[in-house]
Every structure is written in C-alpha cells, then in structure tokens.
Amino acid sequence: SQQGEEDPQALSIQEGENATMNCSYKTSINNLQWYRQNSGRGLVHLILIRSNEREKHSGRLRVTLDTSKKSSSLLITASRAADTASYFCATDDPDSWGKLQFGAGTQVVVTP
Amino acid sequence: DGGITQSPKYLFRKEGQNVTLSCEQNLNHDAMYWYRQDPGQGLRLIYYSQIVNDFQKGDIAEGYSVSREKKESFPLTVTSAQKNPTAFYLCASSSWAGGETQYFGPGTRLLVL
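Chains A and Z, in that order, give the protein sequences.
This note's numbering numbers the first residue of the first sequence as 1 and each following residue consecutively.
This note's numbering numbers the first residue of the second sequence as 1001 and each following residue consecutively.
Printed below as a string of structure tokens:
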C-alpha cells in the first residue's frame, strides 16, 4: 500500500519559476523524505524532515511538514532545466521498522 | 568511490526461467532493500534485510527470492512463479533499518522475451 500520495501528478513550468508539489499521508510518521528520480535512473535523496520539524531548507529546496494535516510540501525555487525529474515523498512506517512507503510521484518538466 | 552498483543494466528473461539481479554496496551499510517500479508508479518493496543472514518480505514478495550471505551483497532472484516480471528493479541500502535515508543503485530493467 502507498502511504504517501503526491499532488499534482505532473507539473510543467518554465525556467526561473517556482515548482510546488504536495504529499499527503495516512498514518503517523517519525520522518518524511523527498527523493528525485531522473528518467531511467535510481532515486537520489533530497531532504529528510522529522516529525518534530516544521520546515527545512537545502539550497533551492524548501520542505514543510504539517503533522496535524498529515501533509508535506516541496518547493523548488528558481527552477532550472536540470530539475526536470520525478519527485517522490517517502514516509517511514513506525509499525514496521525499516520500511519506507513511497508515493506515485510528481513528474516535473522545466522548459528553457 | 563509495556507492551501490547493480548489474546488469538490462536483463531479458525467457518463459519459465529464473534470473538473478545483482546488488553490491561498499558503504558498509547494514540494511539493504529491493524495490519494483512500474511505469508511472512509485516504488513497491519486494524484500529487505536489516542484517546479514536475515531478511523480511515486503509488500510484493511472491515470485521473488533473496539471500544475504555477505554484508555488501543482496541478490534478487526473479523466479518463474512471477508471472509479470517486466519492471524496473531498484536496490537500496541504508546505514541501519530505521526509516533513515536510503541510497539507491542505478537500477536493472527486466524484460520478458
């Protein structure tokens, strides 16, 4: 079963614009992670936010977490063509140590 | 270079054949994972291993088998019992199996002839 669900499924923007995608989940978590996947490649870890954190930054990335709404958002500022990829959120499973549950992802296309 | 390697990049399976996908890591990680990804979908967990000589079924283990005889290696066998094996297979590892950051290999694409 998929714990996290990303919204929107696809996003098309121009270089320089900001891209925002959201993730909703169903059960309590210890942490939430965001990953990026370029077409036909493995996933690359972007950022991890813990349940007691509300916001985290890494370069042009900003992640928020609202545990009361069971949701998270990923903002990419000043997007570049190289940001074209699929973005996945992943939540841990407190009842099953070691497992991550991935959403279906948001496909982002940044056009020059 | 530290990281995770998967081989082969592409693998073709004939009907009734078992095939084995390789996954090796030199990150000294205790935990390793196998995921399946179908087009336009997220990752689904097949098997995971928290420590050498131990592994647990994930959400879609039927038709697959694994072994963990060495810390750095976690091969996945796709058996003939797996009727729809065409997918992209991803191996990952983490320093420990506690929902922490996972590091992924480049993937193996399995196709059925």
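Positions of the beta carbon are idealized from the N, C-alpha and C atoms, including for glycine.
Just so it is clear, the structure is predicted and the values come from calculations on it, not from any experiment.
>> Checking the sheet assignment: what are the DSSP bridge partners for Trp-34(A)?
In response: Locating residue 34(A) in the first sequence gives position 34, where the first residue counts as 1. Partner(s): Ile-47(A), Cys-89(A).
> From what residue to what residue does the beta strand (DSSP E) around Phe-117(A) run?
Replying inline: Residue 117(A) is absent from the structure shown; chain A starts at 1 and stops at 112.
>> Taking the alpha-carbon of Arg-50(A) as reference, which of Gln-14(A), Pro-8(A), Thr-77(A), Asn-30(A) has the nearest alpha-carbon?
In response: If you number the first sequence from 1, residue 50(A) lands on position 50. Among Gln-14(A), Pro-8(A), Thr-77(A), Asn-30(A), the Cα nearest to that of Arg-50(A) belongs to Asn-30(A).
> In whole angstroms, what separates the C-alpha of Ala-1083(Z) from that of Arg-1013(Z)?
Replying inline: On the second sequence, position 83 is the one that residue 1083(Z) refers to. On the second sequence, position 13 is the one that residue 1013(Z) refers to. Looking at the sequence provided, one finds Lys at residue 1083(Z) rather than Ala. Rounded to the nearest angstrom, the two C-alpha atoms are 11 Å apart.
> What are the boundary residues of the beta strand (DSSP E) that includes Trp-1034(Z)?
Replying inline: Your numbering for residue 1034(Z) matches position 34 in the second sequence. DSSP places Trp-1034(Z) inside the beta strand (DSSP E), whose first and last residues are 1031-1037.
>> By the DSSP assignment, the beta strand (DSSP E) with Leu-1113(Z) in it spans what residues?
In response: For the purposes of this step, residue 1113(Z) is identified with residue 113 of the second sequence, where counting begins at 1. Neither: Leu-1113(Z) is in no beta strand (DSSP E) and is coded neither H nor E.
> With DSSP run on the structure shown, which of helix, strand or coil describes Ala-10(A)?
Replying inline: Along the first sequence, one-based indexing puts residue 10(A) at 10. Correct three-state label for Ala-10(A): strand.
> Is the Cβ-Cβ distance between Leu-100(A) and Ile-76(A) less than 8 Å?
Replying inline: Looking up residue 100(A) in the first sequence gives position 100. Looking up residue 76(A) in the first sequence gives position 76. Contact flag unset, no.
> List, in order along the chain, the chain C residues whose C-beta lies closer than 9 Å to that of Phe-1104(Z)?
Replying inline: The displayed structure is made up of protein chains A and Z, and chain C is not among them.
> Does Leu-48(A) get closer than 8 Å to chain Z when you measure Cβ to Cβ?
Replying inline: The residue given as residue 48(A) occupies position 48 in the first sequence. At least one chain Z Cβ lies under 8 Å of Leu-48(A).
> When you compare only the Cα positions, how much space is there between Ile-1051(Z) and Ile-13(A)?
Replying inline: Mapped onto the second sequence, residue 1051(Z) falls at position 51. Mapped onto the first sequence, residue 13(A) falls at position 13. The straight-line gap from Cα to Cα measures roughly 43 Å.
> Quick one: is Pro-1008(Z) buried, meaning 16 or more other Cβ sit within 10 Å of its Cβ, or exposed?
Replying inline: On the second sequence, position 8 is the one that residue 1008(Z) refers to. Residue environment: Pro-1008(Z) is assigned as exposed (fewer than 16 neighbouring CB atoms within 10 Å of its CB, all protein chains considered).
> Given that Ala-1031(Z) touches chain A, what residues does it touch there, using C-beta distances under 9 Å?
Replying inline: As a working note, residue 1031(Z) is residue 31 in the second sequence. Per Cβ cutoff of 9 Å: Gly-98.
>> If you reduce the DSSP assignment to three classes, tell me which class Asp-83(A) lands in.
In response: Counting from one through the first sequence, the residue named residue 83(A) turns up at place 83. Three-state result, Asp-83(A): helix.
> Cβ atoms of Asp-1030(Z) and Ser-1080(Z): under 8 Å apart, would you say?
Replying inline: Working through the second sequence from its first residue, we reach residue 1080(Z) at position 80. Working through the second sequence from its first residue, we reach residue 1030(Z) at position 30. No.
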